[in-house]
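Heads up: the protein sequence lines correspond to chains A and B, in order. Counting from 48, one number per residue, gives the positions in the first sequence under the working numbering. Counting from 404, one number per residue, gives the positions in the second sequence under the working numbering. Positions of the beta carbon are idealized from the N, C-alpha and C atoms, including for glycine.
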Amino acid sequence: MPRFTAQLKDALPHLWRYAFSLTQDRAQADDLVQDCIERALRKKAMWDETQPLRPWLMKILLNLFRDRYRSRARLAEVPFVNDHAGATVDTTVEDRNELAAVVNRMQALPESQRQALELVAFGGLSYAEVSDVLSVPIGTVLSRVARARTKLNETANSQASGLRSVT
Amino acid sequence: MTDFKTIEERMSAYLDGEMTSEERAAFEELLENDPSVAERAANWTATDDLVQSMVPMPSESHMDGLMAANRPTEPRWPMRKVAGLALVFMLGGAGGFGLNELRQTDDSAQILIVQATMDATSAHRLFTVEMRHAVEVGPDETEHLETWLEKRMGRKMIVPQLDDHGLTFIGGRLLPSGGQAAAQYMYEDAQGERVTVYMARTAAEARTSLRFLEDDDLTTVRWQDGPWVFFVVAPLEREKLSPIAAKVHDTLI
Numbered sequence: 048m049p050r051f052t053a054q055l056k057d058a059l060p061h062l063w064r065y066a067f068s069l070t071q072d073r074a075q076a077d078d079l080v081q082d083c084i085e086r087a088l089r090k091k092a093m094w095d096e097t098q099p100l101r102p103w104l105m106k107i108l109l110n111l112f113r114d115r116y117r118s119r120a121r122l123a124e125v126p127f128v129n130d131h132a133g134a135t136v137d138t139t140v141e142d143r144n145e146l147a148a149v150v151n152r153m154q155a156l157p158e159s160q161r162q163a164l165e166l167v168a169f170g171g172l173s174y175a176e177v178s179d180v181l182s183v184p185i186g187t188v189l190s191r192v193a194r195a196r197t198k199l200n201e202t203a204n205s206q207a208s209g210l211r212s213v214t
Numbered sequence: 404m405t406d407f408k409t410i411e412e413r414m415s416a417y418l419d420g421e422m423t424s425e426e427r428a429a430f431e432e433l434l435e436n437d438p439s440v441a442e443r444a445a446n447w448t449a450t451d452d453l454v455q456s457m458v459p460m461p462s463e464s465h466m467d468g469l470m471a472a473n474r475p476t477e478p479r480w481p482m483r484k485v486a487g488l489a490l491v492f493m494l495g496g497a498g499g500f501g502l503n504e505l506r507q508t509d510d511s512a513q514i515l516i517v518q519a520t521m522d523a524t525s526a527h528r529l530f531t532v533e534m535r536h537a538v539e540v541g542p543d544e545t546e547h548l549e550t551w552l553e554k555r556m557g558r559k560m561i562v563p564q565l566d567d568h569g570l571t572f573i574g575g576r577l578l579p580s581g582g583q584a585a586a587q588y589m590y591e592d593a594q595g596e597r598v599t600v601y602m603a604r605t606a607a608e609a610r611t612s613l614r615f616l617e618d619d620d621l622t623t624v625r626w627q628d629g630p631w632v633f634f635v636v637a638p639l640e641r642e643k644l645s646p647i648a649a650k651v652h653d654t655l656i
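Laid out in structure tokens, this is it:
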């Protein structure tokens, strides 16, 4: 039991960031995480104690997100918005331009690739854990994450250098 | 050994710490010997940092608040949960009302909740400024208050004791809410800040976890159990209100 609570507590920041990446909204991320905790506590008995808790929680959260938003015919995933209030505040103009480029690239990614990258980048999961959450082979996770990163970088770099040449 | 198909896969696996030590050593050798790969790796790292900056990092206290809202504080909790679910199930009819359907509140239910939220906040604003007439029944008559409200509300009305959270019970009152009876309990901390617990009956059944609303100086926590909707309103930060709401939830459900 304490193992469960300790792991749950450890997983929370990742869980929240993943929820934020899905919803792009603090209040909705809070709601998702709260519901996820509630469901996890209720289903505690179903957790295989030999397995890490974090992927199990991510799976619950992703299911909650799908139930809630897909059933209401809302957008499957809220795209990253360009004027987002992210963690970094004092970024330089150049950084902001690059960030905007990456945000746009992120938005343009196929859902399967973005999903894999989000689980790794924000959910803090290993490829093996992502493969478990998404029920795809680990090789597929590797390929999706690599493709996502390739796309984020290809255009980000060319755009960024284009911006630099103007200044 | 992972079967890397492309240099991009190797680079990703390297950045994500998904390599065996042999794979990592081999890749690092490549980084040292091939400047173009090294430059690309540096760019990818910079992009990863930008990606990280797209999502804020929540504060620890915020996470504690989310956790506290759901933490079982008493061993009796699971029993209560089961009882609560059973009640909702029965009220939902014999047609096999799943939890998912119950969670989805339609628009009219949403309006009722909004109305009740406004009632709860105005009750808080209206009576917390009162020194002499803040409550109808004082703390010395708690038992009488419980029986009286029980009769009018049609449900068990226990007064949650929040002394552990530095809050003294100062009394309660009956209020009208959408043509029905609503109840209000009031608490006060050492600095004279007041916390309101408000309960009303709605026409729409639902069962929710704790929901937070921050509005001007007030934070409101709401949850619903069957037809009963509960509010805790206070001029406190969410992190501070969360454990208080959890205790109230625990006592009243």
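Does DSSP put B:Gly629 in a helix, a strand or coil?
Under the three-state reduction of DSSP, B:Gly629 is assigned to strand.
Just to check my reading of the structure: A:Leu172 and A:Val180 have Cβ atoms closer than 8 Å, yes? What is that Cβ distance to the nearest angstrom?
Contact holds; Cβ gap of about 7 Å.
Under the rule that 16 or more other beta-carbon atoms within 10 Å means buried, what is B:Pro646, buried or exposed?
The C-beta of B:Pro646 has 16 or more other C-beta atoms within 10 Å across all chains shown, which makes the residue buried.
Less than 8 Å between CB atoms is the rule here; does B:Trp551 satisfy it with respect to chain A?
It does not; no Cβ of chain A falls within 8 Å.
Residues from the segment 49 to 69 of chain A in contact with chain B, defined by Cβ distance under 7 Å:
Here the close residues are Lys56, Leu59, Pro60, Trp63, Arg64, Phe67 and Ser68.
Is A:Leu199 closer than 8 Å to B:Thr623 when the C-beta atoms are compared?
No, the Cβ-Cβ distance between B:Thr623 and A:Leu199 is not below 8 Å.
Starting from B:Ser580, trace the alpha helix (DSSP H) both ways and give me its first and last residue.
Counting along the chain, B:Ser580 falls outside any alpha helix (DSSP H), though it belongs to the beta strand (DSSP E) covering Thr571 to Ser580.
Leaving aside the five residues before and after B:Trp631 along the sequence, list all residues of the same chain whose C-beta is less than 7 Å from its C-beta, in chain order.
Shown here for B:Trp631: same chain residues with a beta carbon closer than 7 Å to its own, the five before and five after excluded, namely Arg558, Met602 and Arg604 in chain order.
Which residues in the same chain have their Cβ closer than 7 Å to the Cβ of B:Ala519, if we skip the five residues on either side of it in sequence?
Answer for B:Ala519: Ser580, Ala603, Thr605 and Val632, listed in chain order.
Taking 8 Å as the threshold (beta carbon to beta carbon), is A:Asp82 in contact with chain B?
Nearest CB-CB separation between A:Asp82 and chain B: below the 8 Å threshold.
Assuming the contact rule is C-beta atoms closer than 8 Å, B:Thr545 and B:Val562 should be a hit. Round their C-beta distance to whole Å, please.
With 8 Å as the limit, B:Thr545 and B:Val562 qualify as a contact, their Cβ atoms being about 5 Å apart.
Put A:Gln59 into one of helix, strand or coil per three-state DSSP.
The residue asked about is misnamed: residue 59 of chain A is Leu in this sequence, not Gln. The answer is helix: DSSP assigns A:Leu59 an H, G or I state.
Do the CB positions of B:Pro459 and A:Phe67 come within less than 8 Å of each other?
Between B:Pro459 and A:Phe67, the CB-CB gap stays under 8 Å.
How would you label B:Arg528, buried or exposed, when you count the other beta carbons within 10 angstroms and need 16 or more for buried?
Answer is exposed; the Cβ neighbour count stays below 16.
Would you identify the three-state DSSP class for A:Ala53, choosing helix, strand or coil?
DSSP places A:Ala53 in helix when its eight states are reduced to three.
Three or more C-beta pairs under 8 Å: does that hold for the segment 149 to 160 of chain A against the segment 104 to 119 of chain A?
The segment 149 to 160 of chain A vs the segment 104 to 119 of chain A: no contact.
Any Cβ of chain A within less than 8 Å of the Cβ of B:Trp447?
Chain A places a beta carbon closer than 8 Å to that of B:Trp447, counting this residue as a contact.
Could you tell me whether any Cβ in chain A is nearer than 8 Å to the Cβ of B:Thr476?
With a pLDDT of only 41 at B:Thr476, under 50, the local geometry of the prediction cannot be trusted, and the value read off the model is given with reservation. Look at B:Thr476: its C-beta is not under 8 Å from any C-beta on chain A.
Unbroken alpha helix (DSSP H) run spanning B:Gln583, endpoints
Where B:Gln583 is concerned, there is no enclosing alpha helix (DSSP H), although the beta strand (DSSP E) it sits in stretches over Gln583 to Glu591.
Element boundaries [alpha helix (DSSP H), containing B:Glu533]
First-last for B:Glu533: undefined, no H or E at that position.
In whole angstroms, what separates the C-alpha of A:Leu69 from that of B:Ser456?
Rounded to whole angstroms, A:Leu69 to B:Ser456 spans 15 Å at the Cα level.
Considering B:Val602, what are the terminal residues of the beta strand (DSSP E) in which it resides?
The residue you asked about is not Val; residue 602 of chain B is Met in the sequence shown. Following the DSSP letters along the chain, one finds B:Met602 inside the beta strand (DSSP E) bounded by residues Arg597 to Arg610.
Does the segment 93 to 101 of chain A come into contact with the segment 71 to 85 of chain A, if we say contact requires no fewer than three beta-carbon pairs (one atom in each stretch) closer than 8 Å?
No: the two stretches stay apart, fewer than three of their Cβ pairs being nearer than 8 Å.
Sort B:Gly541, B:Val635 and B:Val454 by Cα distance to A:Ala195 and report the nearest one.
Checked all of B:Gly541, B:Val635 and B:Val454; the closest Cα to A:Ala195 is B:Val454.
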